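Engineer:
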Amino acid sequence: MIAFGYQIDLTTMLFVNALTSFASALLFLCFWYATNDLKRPVSLLFWSIANLLLAAGFGALLSEAFGLTVRRMPLMANLTIDAGTAVALVATNLFLDRPRRDNWPIAVAAILAVVEVCYALTRATPDFGVMLILGCTLRGTLTVATGIALWRHADLPRRPPARLAAGFHFALAGVMALRSIAVLAGAEDSVAFELSSVVGLVTRLLLTWMIAICLLWMIARQLNEQLIWQATRDTLTGLSNRRVMWETGTRRVASLAHDGGNVALILLDIDHFKRLNDRWGHLAGDAALAAVAARIARTVRSADLVARVGGEEFMVLLEQGPDTSPAEIAERIRAAIEAMAIRLDDGTELRCTVSAGYSHIADRNATWERLIAQADSALYAAKAQGRNQVVDHARMAA
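Each residue of the sequence shown is one higher than the one before, counting from 576 in the numbering used here.
#1: Under the DSSP definition of a beta bridge, which residues are partnered with R883?
#2: By Cβ distance, which residues of its chain are closer than 7 Å to W607, with the 5 residues on each side in sequence left out?
#3: If you draw a straight line from the alpha carbon of I936 to that of T812, how long is it in whole angstroms?
#4: Give every residue of the same chain whose Cβ lies closer than 7 Å to the Cβ of L995, excluding the five residues on either side of it in the sequence, and list them in chain order.
#5: Quick check on this structure: which residue in R873, T874, L893, V867 has the alpha carbon closest to the alpha carbon of R883?
#6: Would you report the Cα separation of A941 and Q797, rounded to the nearest angstrom?
#7: In this structure, what does DSSP give as the bridge partners for S623?
#8: Between the Cα of M648 and those of L636, I656, G659, D657, spot the shortest distance and give me the residue it belongs to.
#9: Give me, in chain order, the residues of the same chain whose beta-carbon lies closer than 7 Å to that of L629; leave out the 5 immediate sequence neighbours on both sides.
#10: Which runs of the alpha helix (DSSP H), 4 residues or longer, sit entirely within the segment 624-691?
#11: Nearest to G922 by CA position, among H847, L759, A862, is which residue?
#12: Look at the Cβ atom of S930, then the Cβ atom of R962, and state whether they are nearer than 7 Å.
#13: In terms of DSSP beta bridges, what is A839 paired with?
#14: So what does S930 bridge to, in DSSP terms?
#15: S815 by DSSP, collapsed to three states: which one?
#16: Are the segment 706-716 and the segment 681-692 touching by the rule of at least three beta carbon pairs closer than 8 Å?
#17: In the structure shown, what three-state DSSP assignment does D834 receive?
#18: If you draw a straight line from the C-alpha of A950 to the C-alpha of L864, how long is it?
#19: What are the start and end residues of the alpha helix (DSSP H) that includes V705?
#20: Please say whether V966 and A956 have beta carbons closer to each other than 7 Å?
#21: Could you spell out where the beta strand (DSSP E) holding V875 opens and where it closes?
#22: Determine the burial state of R850: buried for a count of at least 16 other Cβ atoms within 10 Å of its Cβ, exposed for fewer.
#23: Need the endpoints of the beta strand (DSSP E) that D967 sits in, please.
#24: What do you get for W943, buried or exposed, if any count of 16 or more other CB atoms within 10 angstroms of its CB means buried?
#25: Give every residue of the same chain whose Cβ lies closer than 6 Å to the Cβ of T700, excluding the five residues on either side of it in the sequence, and list them in chain order.
#26: At what residues does the alpha helix (DSSP H) containing P616 begin and finish?
#27: Looking at L725 and A741, is the spacing between their C-beta atoms short of 7 Å?
#28: Just grab the DSSP bridge partners of L925 for me.
#29: With DSSP collapsed to three states, give me the class of R808.
#30: Hey, out of F743, M890, V819, A663, whose CA is closest to I871's CA?
#31: Taking the alpha-carbon positions, what's the G722 to R939 distance?
#32: How many whole angstroms separate the CB atoms of S737 and C789, which I take to be in contact at a CB cut-off of 8 Å?
#33: Look up S755 in the DSSP assignment and say whether it is helix, strand or coil.
#34: If I measure Cβ to Cβ from A905 and keep anything under 6 Å in the same chain, skipping five residues before and after, which residues do I get?
#35: To which residues of the same chain is E913 closer than 7 Å at the C-beta, ignoring the five residues directly before and after it?
#36: If we ignore side chains and look at the alpha-carbon of each, how far apart do D809 and S815 end up?
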């Protein structure tokens with residue numbers, strides 16, 4: 576292992592890291608341009624900037640190898656790499672939709688950077704060990720914070736790639752910690768310490784590429800979730816759409832043949848919705864639809880399925896349980912909407928009501944279409960009887 580470490584020239588590793596960081600910056604820039612329809616594309620731009628800073632820092636460290644000697648160049652180069660690491664933390668929190676306060680480790684890093692600069696500027700020849708400990712502590716703090724954000728805050732679809740990326744962050748922070756410990760132990764002149772420089776650069780190189788790979792993986796999973804959402808949700812209200820209701824309802828009724836029990840369905844329609852649209856405009860109509868949908872979703876139980884199935888028509892498929900009472904739930908929805916005030920952007924306050932019809936079946940030979948037809952018949956009766964009321968299909972049949 577030691578022999579292998581010496582075969583890897585540090586200058587070559589710095590060059591490869593600079594080149595890789597620059598290539599990664601271009602890659603993130605392409606991601607940002609190609610995914611401008613995603614929710615948080617600005618994070619990709621920040622990752623591109625972070626990698627440009629890393630490339631500039633590694634490139635500056637190479638200056639002496641090309642005969643360019645600039646006073647304080649190593650300090651400026653390392654501070655540029657530190658800045659890139661800080662921007663990467665910001666990019667990560669933006670991508671994960673975290674609040675700005677989660678960037679607090681940057682304040683700690685800034686204090687350490689000020690201490691590092693003051694120490695370097697007040698000494699003709701700064702002690703290498705002190706500079707290394709300050710630099711590793713600064714960069715390690717930001718790297719661990721980024722790893723923790725990826726590990727803890729990625730949503731379920733993006734969690735596997737996020738945690739893989741977090742693992743590489745923790746590995747890089749571990750190498751920096753070991754280098755600091757070696758300095759404190761007085762082993763900075765040992766072969767193992769020299770080897771740790773190579774290991775650190777190799778880990779940095781792997782991290783640069785793995786972040787790009789994991790990000791692409793996370794974007795793919797995010798896009799997949801968006802496609803699923805678009806295929807199963809009503810875009811205006813966020814409720815399930817007609818397709819989901821029909822598939823779920825068909826399965827639920829079919830299960831009666833072998834599981835028994837009963838299935839209940841409530842069908843609701845906003846009263847005089849066309850009149851509301853004609854008087855207040857389509858934006859007001861959309862606001863009313865969204866408000867009614869939200870109120871229905873809050874009123875029913877979490878296990879019940881709510882869907883918008885037509886212009887102003889909603890369905891509620893009730894989950895079986897001891898508290899399953901279609902009459903009570905339908906009346907609760909009706910009363911909640913009647914009491915609701917819908918405030919428009921111009922301050923206008925609208926009110927609306929709904930008519931509801933419901934049906935429940937326990938027939939093992941029943942069909943989803945039959946359940947819908949019964950609920951629709953009850954809804955029609957509710958409208959015919961004056962609207963803003965609930966009608967039970969069973970009572971109509973009686």
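Even for Gly, the Cβ is constructed at its ideal location relative to N, Cα and C.
This one's a predicted model, so the numbers in the text were calculated from it and none came from an experiment.
Structural biologist: The short version:
#1: As a first step, residue 883 must be located in the sequence shown, where it is residue number 308. DSSP, once it has assigned bridges, lists F889 as partnering R883.
#2: Residue 607 sits at position 32 when you count from the first residue of the sequence shown. These residues qualify, in order along the chain: P616, L619, L620, S623.
#3: As a working note, residue 936 is residue 361 in the sequence shown. As a working note, residue 812 is residue 237 in the sequence shown. Between the alpha carbons of I936 and T812 lies a gap of roughly 29 Å.
#4: Since the first residue shown for the chain is 576 and the last is 973, residue 995 is missing from the structure and cannot be characterised.
#5: Taking the sequence shown and counting its residues from 1, the one referred to as residue 883 is at position 308. Taking only the C-alpha atoms, the option nearest R883 is V867.
#6: Working through the sequence shown from its first residue, we reach residue 941 at position 366. Working through the sequence shown from its first residue, we reach residue 797 at position 222. The alpha-carbon atoms of A941 and Q797 are separated by roughly 39 Å.
#7: The sequence position of residue 623 within the sequence shown is 48, counting from 1. For S623, which the question treats as bridged, DSSP gives no partner whatsoever.
#8: As a first step, residue 648 must be located in the sequence shown, where it is residue number 73. Looking at the Cα atoms, L636 is the closest of the given residues.
#9: The sequence position of residue 629 within the sequence shown is 54, counting from 1. Excluding sequence neighbours, L629 sits near S596, I656, G659.
#10: The alpha helix (DSSP H) runs lying completely inside the segment 624-691 and spanning 4 residues or more are 648-670, given in chain order.
#11: The residue you call residue 922 lines up with position 347 of the sequence shown. If we check each option's Cα against that of G922, A862 comes out closest.
#12: For the purposes of this step, residue 930 is taken as the residue at position 355 of the sequence shown. For the purposes of this step, residue 962 is taken as the residue at position 387 of the sequence shown. Yes, the pair counts as a contact, with Cβ atoms nearer than the cut-off.
#13: Position 264 of the sequence shown holds residue 839. Note: A839 sits in a beta bridge opposite L893, H935.
#14: Your numbering for residue 930 matches position 355 in the sequence shown. According to DSSP, which records beta bridges pairwise, S930 is partnered with D844.
#15: To locate residue 815, count along the sequence shown from 1; it is residue 240. When DSSP states are grouped into helix, strand and coil, S815 belongs to the strand group.
#16: The answer is yes - the segment 681-692 touches the segment 706-716, with three or more Cβ pairs under 8 Å.
#17: Locating residue 834 in the sequence shown gives position 259, where the first residue counts as 1. Helix, per DSSP.
#18: The count along the sequence shown starts at 1 and reaches residue 950 at position 375. The count along the sequence shown starts at 1 and reaches residue 864 at position 289. Taken atom to atom, the span from the alpha-carbon of A950 to that of L864 is near 21 Å.
#19: Locating residue 705 in the sequence shown gives position 130, where the first residue counts as 1. Going by DSSP, V705 is part of the alpha helix (DSSP H) stretching over 703-728.
#20: On the sequence shown, position 381 is the one that residue 956 refers to. On the sequence shown, position 391 is the one that residue 966 refers to. Yes.
#21: To locate residue 875, count along the sequence shown from 1; it is residue 300. If you look at V875, you'll find it isn't in any beta strand (DSSP E); DSSP assigns it neither H nor E.
#22: Residue 850 sits at position 275 when you count from the first residue of the sequence shown. With fewer than 16 Cβ atoms within 10 Å of its Cβ, R850 is classed as exposed.
#23: By one-based count along the sequence shown, residue 967 stands at place 392. In the DSSP annotation of this structure, the continuous segment of the beta strand (DSSP E) that includes D967 starts and ends at 965-967.
#24: The sequence position of residue 943 within the sequence shown is 368, counting from 1. W943 is buried by the Cβ-count criterion.
#25: Locating residue 700 in the sequence shown gives position 125, counting from the first residue. There are no such residues.
#26: Along the sequence shown, read from residue 1 onward, the residue named residue 616 stands at position 41. Where P616 is concerned, there is no enclosing alpha helix (DSSP H), given that its DSSP letter is neither H nor E.
#27: Mapped onto the sequence shown, residue 741 falls at position 166. Mapped onto the sequence shown, residue 725 falls at position 150. Result yes, Cβ atoms of A741 and L725 sit closer than 7 Å.
#28: Residue mapping note: residue 925 aligns to position 350 of the sequence shown, counting from 1. I917.
#29: Here residue 808 refers to the residue found at position 233 when the sequence shown is read from its first residue. Here R808 sits in strand by DSSP.
#30: Translated into the one-based positions of the sequence shown, residue 871 becomes position 296. Ranked by how close their Cα comes to the Cα of I871, the residues F743, M890, V819, A663 have M890 in first place.
#31: Taking the first residue of the sequence shown as position 1, residue 722 is located at position 147. Taking the first residue of the sequence shown as position 1, residue 939 is located at position 364. Linking G722 to R939 through their CA atoms gives a straight-line distance of about 54 Å.
#32: Looking up residue 737 in the sequence shown gives position 162. Looking up residue 789 in the sequence shown gives position 214. The sequence shown places Ala at residue 737, not Ser. That pair is a contact at about 7 Å.
#33: Taking the sequence shown and counting its residues from 1, one reaches residue 755 at position 180. In the displayed model, S755 falls within a helix according to three-state DSSP.
#34: Start at 1 with the first residue of the sequence shown, and residue 905 comes out as number 330. Scanning its chain for C-beta atoms nearer than 6 Å, with the 5 sequence neighbours on each side dropped, one finds around A905 the residues I841, A931, Y933, V965, in chain order.
#35: For the purposes of this step, residue 913 is taken as residue 338 along the sequence shown, with counting starting at 1. In its chain, beyond the 5 residues on either side, T928, N963 have a beta carbon closer than 7 Å to the beta carbon of E913.
#36: Here the question's residue 809 lines up with position 234 in the sequence shown. Here the question's residue 815 lines up with position 240 in the sequence shown. Taking the straight line from one Cα to the other gives about 6 Å.
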